[in-house]
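*Asks:* Protein chains in written order, with my numbering: chain W, 345 to 593; chain F, 345 to 593; chain P, 345 to 593.
Think of the CB as a built atom: it goes at the ideal place given N, C-alpha and C, for glycine as much as any other residue.
So that we are looking at the same thing, I have put the structure below in structure tokens.
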């Protein structure tokens with residue numbers, strides 16, 4: 345049993361919208377240290393890791409750790425009706441999750457929860473040789489541009505810049521975000537890094553620009569990628585891992 | 345033969361848009377006391393009653409009572425081209441209805457009229473035990489929320505609140521608009537009232553929030569519902585009746 | 345080989361969007377006097393003539409006249425990603441056209457060019473007996489209105505007004521833009537003119553209201569129509585010719 349309140353319900357709404365484009369159901373664990381949801385996508389290529397610390401919530405009352413599994417598409421549909429200034433309360437009892445929205449009226453959506461599948465997912469400690477922090481909107485825009493010409497995208501980091509490129513049958517695209525561009529906030533490259541990723545997954549992940557102004561990208565040659573959208577001190581983050589595409593180049 | 349002018353053509357446009365989602369053709373009677381249009385929907389579950397008094401019009405010149413029958417979908421398509429500040433003139437002669445829009449240019453749409461089907465519809469005097477006045481947008485929003493989980497909705501009024509609820513296979517929703525909420529303007533309950541209605545009809549009716557800030561709901565246990573969207577003193581109203589769904593509960 | 349820069353990339357984007365709704369590929373000739381693109385649509389009913397003078401460009405560096413043929417749909421897709429304040433650079437070398445967008449990051453789209461089909465198109469000197477200058481948005485709006493009732497439209501000019509009318513199975517529409525209307529900027533009629541045109545082509549042409557506030561229409565009885573969207577002194581224009589529909593009336 346728990347009951348938590350978000351002054352700004354939009355944060356939860358945006359998290360669920362982003363996550364639901366990658367996975368269909370998720371096990372949220374409400375514990376004393378916050379809410380955690382980790383899941384692999386069905387094809388085992390991408391991993392989602394959401395962590396919301398108690399500092400995000402206006403009220404946070406969790407008596408006992410409770411893992412609850414929900415259909416994310418159903419939750420997303422309900423959250424779509426949240427009005428801009430609505431407060432959002434999540435509570436759980438008797439195997440039912442309640443989303444309560446308080447604005448000009450009071451709406452309670454009660455949802456059935458699902459039987460969680462057994463899994464012991466842990467976030468693997470990724471190696472990386474390059475870390476880049478960008479404006480999240482610029483990453484999202486750049487991936488949309490790459491999608492115009494191809495299905496896969498090459499991400500690349502060197503001392504001076506972060507680069508996004510793609511090649512398709514009708515032409516190619518090359519995007520450079522250099523130290524001189526305002527979109528590049530920070531770049532720390534121990535060793536140049538380059539890898540290819542599937543664009544549909546990356547574009548879905550980049551939707552998290554709705555919850556964070558910046559995104560941190562961790563890269564290593566032909567290794568999985570990590571994307572971190574942080575919410576600020578003591579608030580948490582939404583992270584993604586994505587396996588590279590190992591194509592003959 | 346008649347000729348009437350609306351300074352703000354948007355009122356007519358919004359009325360027709362709302363009505364055309366419920367019925368396909370309508371007989372408008374232009375008389376000395378204003379314009380009246382009453383119609384049952386094809387499945388005989390819902391009734392529409394539009395009454396626009398001469399006070400709504402800038403000019404109102406009706407020589408002789410004329411019932412004209414028009415295809416509402418066709419009229420709606422033409423009205424969609426009305427620009428925000430366009431004046432709208434409706435006139436009729438030789439079995440042809442003309443919609444004239446005057447803005448940066450002058451547009452006249454002439455429409456064929458249809459042979460009206462014989463019918464002697466009168467607005468039945470409904471009984472009701474509860475009358476509730478709400479912000480019309482709140483009703484519209486609440487019905488959208490109910491639609492997320494189900495096809496039917498329960499409306500309920502007691503001394504303290506108006507309630508909207510629905511139950512579906514994936515969960516349920518309960519919306520309470522109480523005396524303490526700004527969305528509830530007035531509530532007068534002689535006897536608690538509760539009935540179930542089909543959501544698709546109710547949602548179509550709630551589109552009339554485009555013509556009125558508030559809506560008055562008349563309810564009685566398992567009886568038809570009346571919704572009134574009034575335009576103000578001496579201006580008229582758009583009303584709807586809807587049969588309840590008598591389900592085993 | 346050439347390299348030209350547009351401070352406001354939106355002009356090129358809007359031109360290509362308009363043109364690509366009429367033709368699928370175009371041969372752009374970059375020469376010392378500017379850029380020219382002339383093409384007939386596949387059904388030989390409409391002709392497009394784009395002329396951008398060097399004055400439109402911030403930088404204009406063309407060494408040697410180069411005709412390049414591109415897939416307009418592909419170019420349009422890339423230009424859709426242009427952000428409002430992006431600078432646009434077009435350059436060509438080794439049979440590859442590069443669109444470079446400079447904003448918060450730097451994006452280079454490189455496109456394959458196509459083998460231009462042989463053709464020696466020249467803009468025929470049209471005869472006209474009536475010339476009308478209108479607000480381009482009013483023309484676009486009026487054609488949308490005509491499209492509600494029919495597939496063809498009659499354009500007509502006399503001493504006092506320009507008129508657009510159409511007749512369909514459900515009714516007709518008549519739009520009058522007279523000397524007294526602000527939408528009519530200039531009218532010069534030597535002889536009344538009237539002709540019928542296919543609406544789908546005309547509507548596509550009217551999209552050029554995105555590049556010019558006004559449009560000049562050249563008409564003559566049952567003769568082809570010319571529409572000119574000018575960009576101002578020393579900047580160029582986008583023109584269209586359209587064959588009339590010679591129907592039994």
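Within 9 Å of any Cβ in chain W, is that where the Cβ of residue 418 of chain P sits?
*Replies:* Looking up residue 418 of chain P in the third chain gives position 74. Judged by the 9 Å Cβ criterion, residue 418 of chain P is in contact with chain W.
*Asks:* Is it buried or exposed for residue 469 of chain P, if we count other Cβ within 10 angstroms and need 16 for buried?
*Replies:* Translated into the one-based positions of the third chain, residue 469 of chain P becomes position 125. With fewer than 16 other Cβ atoms within 10 Å, it is exposed.
*Asks:* Give every residue of the same chain whose Cβ lies closer than 7 Å to the Cβ of residue 557 of chain P, excluding the five residues on either side of it in the sequence, and list them in chain order.
*Replies:* On the third chain, residue 557 of chain P is found 213 positions in, with the first residue counted as 1. Within the same chain, residue 557 of chain P has close Cβ partners 479, 480.
*Asks:* For residue 555 of chain P, tell me which candidate among P:466, P:378, P:396 has the shortest Cα-Cα distance.
*Replies:* Taking the first residue of the third chain as position 1, residue 555 of chain P is located at position 211. Closest by alpha carbon: P:396.
*Asks:* Which residues of the stretch 400 to 418 of chain P have a Cβ closer than 8 Å to any Cβ of chain W? Give them in chain order.
*Replies:* 415, 418
*Asks:* Nearest-angstrom Cα distance between residue 378 of chain P and residue 575 of chain W?
*Replies:* As a first step, residue 378 of chain P is located in the third chain; it is residue number 34 there, counting from the start. As a first step, residue 575 of chain W is located in the first chain; it is residue number 231 there, counting from the start. Looking at the two C-alpha atoms, the distance is approximately 51 Å.
*Asks:* Where do the ends of the alpha helix (DSSP H) carrying residue 419 of chain F lie?
*Replies:* Translated into positions along the second chain, residue 419 of chain F becomes position 75. Counting along the chain, the alpha helix (DSSP H) containing residue 419 of chain F begins and ends at 416 to 423.
*Asks:* Does residue 523 of chain P get closer than 9 Å to chain F when you measure Cβ to Cβ?
*Replies:* Taking the first residue of the third chain as position 1, residue 523 of chain P is located at position 179. Interface residue (Cβ-Cβ distance to chain F less than 9 Å): residue 523 of chain P is not classified as such.
*Asks:* For residue 411 of chain P, does the three-state DSSP call read helix, strand or coil?
*Replies:* For this step, residue 411 of chain P is matched to residue 67 along the third chain. Strand at residue 411 of chain P.
*Asks:* Is there a C-beta anywhere in chain P that falls below 9 Å from the one on residue 473 of chain F?
*Replies:* Within the second chain, numbered from 1, the residue matching residue 473 of chain F stands at position 129. Answer no: the Cβ-Cβ gap between residue 473 of chain F and chain P never drops below 9 Å.
*Asks:* Which ranges would you report for the beta strand (DSSP E) in the stretch 416 to 487 of chain P if only whole runs of at least 3 residues count?
*Replies:* 431 to 437, 440 to 446, 450 to 456, 474 to 479
*Asks:* So what's residue 551 of chain F in DSSP terms, helix, strand or just coil?
*Replies:* In the second chain, the residue the question calls residue 551 of chain F occupies position 207. DSSP places residue 551 of chain F in helix when its eight states are reduced to three.
*Asks:* In whole angstroms, give me the CA-to-CA distance for residue 577 of chain F and residue 353 of chain F.
*Replies:* Walking along the second chain from the start, residue 577 of chain F turns up at place 233. Walking along the second chain from the start, residue 353 of chain F turns up at place 9. If you take the alpha carbons of residue 577 of chain F and residue 353 of chain F, they lie about 19 Å apart.
*Asks:* Just checking my contact of residue 584 of chain F with residue 392 of chain F at CB under 8 Å: how many whole Å lie between their CB atoms?
*Replies:* Sequence index remark: in the second chain, residue 584 of chain F carries index 240 (1-based). Sequence index remark: in the second chain, residue 392 of chain F carries index 48 (1-based). The distance from the Cβ of residue 584 of chain F to that of residue 392 of chain F is about 6 Å, consistent with a contact at the 8 Å cut-off.
*Asks:* Could you please tell me which residues of the stretch 507 to 520 of chain P, in chain order, have their CB closer than 7 Å to any CB of chain F?
*Replies:* 514, 515, 516, 517, 518, 519, 520
*Asks:* Pick out whichever of P:496, P:567, P:586, P:559 has its Cα sitting closest to the Cα of residue 573 of chain P.
*Replies:* Stepping through the third chain from its first residue, residue 573 of chain P is reached at position 229. The residue among P:496, P:567, P:586, P:559 with its C-alpha nearest the C-alpha of residue 573 of chain P is P:559.
*Asks:* Let me see if you follow: with CB-CB separation under 9 Å, is residue 347 of chain F close to chain P or not?
*Replies:* Taking the second chain and counting its residues from 1, the one referred to as residue 347 of chain F is at position 3. So, not an interface residue.
*Asks:* Given a threshold of 16 other Cβ atoms within 10 Å of its Cβ, counted over all protein chains shown, does residue 358 of chain W qualify as buried or as exposed?
*Replies:* Residue mapping note: residue 358 of chain W aligns to position 14 of the first chain, counting from 1. Residue 358 of chain W should be labelled buried.
*Asks:* Any idea if residue 588 of chain W is buried or exposed, counting beta-carbon neighbours within 10 angstroms, 16 or more meaning buried?
*Replies:* As a position in the first chain, residue 588 of chain W is number 244, starting the count at 1. Per the 10 Å Cβ criterion, buried.
*Asks:* Under a Cβ-count criterion, where at least 16 other Cβ atoms within 10 Å of its own Cβ denotes burial, should residue 537 of chain W be classed as buried or exposed?
*Replies:* Counted from its first residue, the first chain places residue 537 of chain W at position 193. Result: buried.
*Asks:* With a threshold of 8 Å, are at least 3 pairs of Cβ atoms found where one atom belongs to the stretch 505 to 512 of chain P and the other to the stretch 423 to 442 of chain F?
*Replies:* no
*Asks:* Which chain W residues are close to residue 479 of chain F, counting only those with a beta carbon under 8 Å from its beta carbon?
*Replies:* As a first step, residue 479 of chain F must be located in the second chain, where it is residue number 135. Chain order gives the chain W residues near residue 479 of chain F as 448, where near means a beta carbon separation below 8 Å.
*Asks:* What residues are listed by DSSP as bridge partners for residue 578 of chain F?
*Replies:* As a working mapping, residue 578 of chain F is identified with position 234 in the second chain. Note: residue 578 of chain F sits in no beta bridge, so no partner.
*Asks:* Output needed for residue 515 of chain W: all residues of its chain with C-beta closer than 8 Å, excluding positions within five of it in sequence on either side, in chain order.
*Replies:* Translated into positions along the first chain, residue 515 of chain W becomes position 171. Residues 493 of the same chain have their beta carbon placed closer than 8 Å to that of residue 515 of chain W, with the five preceding and five following residues left out of the count.
*Asks:* What's the call for residue 418 of chain P, buried or exposed, on a 16-neighbour Cβ count within 10 Å?
*Replies:* Indexing the third chain from 1 puts residue 418 of chain P at position 74. By the 10 Å Cβ count, residue 418 of chain P comes out buried.
*Asks:* I'd like the list of long-range same chain contacts for residue 402 of chain F, defined as Cβ closer than 7 Å, with 5 residues on each side in sequence excluded.
*Replies:* Along the second chain, one-based indexing puts residue 402 of chain F at 58. Answer for residue 402 of chain F: 349, 350, 351, listed in chain order.
*Asks:* From the DSSP output, read off the bridge partner residues of residue 562 of chain F.
*Replies:* Taking the second chain and counting its residues from 1, one reaches residue 562 of chain F at position 218. The partner list for residue 562 of chain F (beta bridge, DSSP) reads F:475, F:570.
*Asks:* Does the distance from the CB of residue 473 of chain P to the CB of residue 565 of chain P come in under 9 Å?
*Replies:* Residue 473 of chain P sits at position 129 when you count from the first residue of the third chain. Residue 565 of chain P sits at position 221 when you count from the first residue of the third chain. In this structure, residue 565 of chain P lies closer than 9 Å to residue 473 of chain P by Cβ.
*Asks:* Quick one: grab the DSSP three-state call for residue 397 of chain F.
*Replies:* Along the second chain, one-based indexing puts residue 397 of chain F at 53. Three-state DSSP puts residue 397 of chain F in coil, outside helix and strand.
*Asks:* Alpha carbon to alpha carbon, how far is residue 364 of chain F from residue 355 of chain F? Give it in angstroms, no decimals.
*Replies:* Taking the second chain and counting its residues from 1, the one referred to as residue 355 of chain F is at position 11. Taking the second chain and counting its residues from 1, the one referred to as residue 364 of chain F is at position 20. For residue 355 of chain F and residue 364 of chain F, the distance between alpha carbons rounds to 14 Å.
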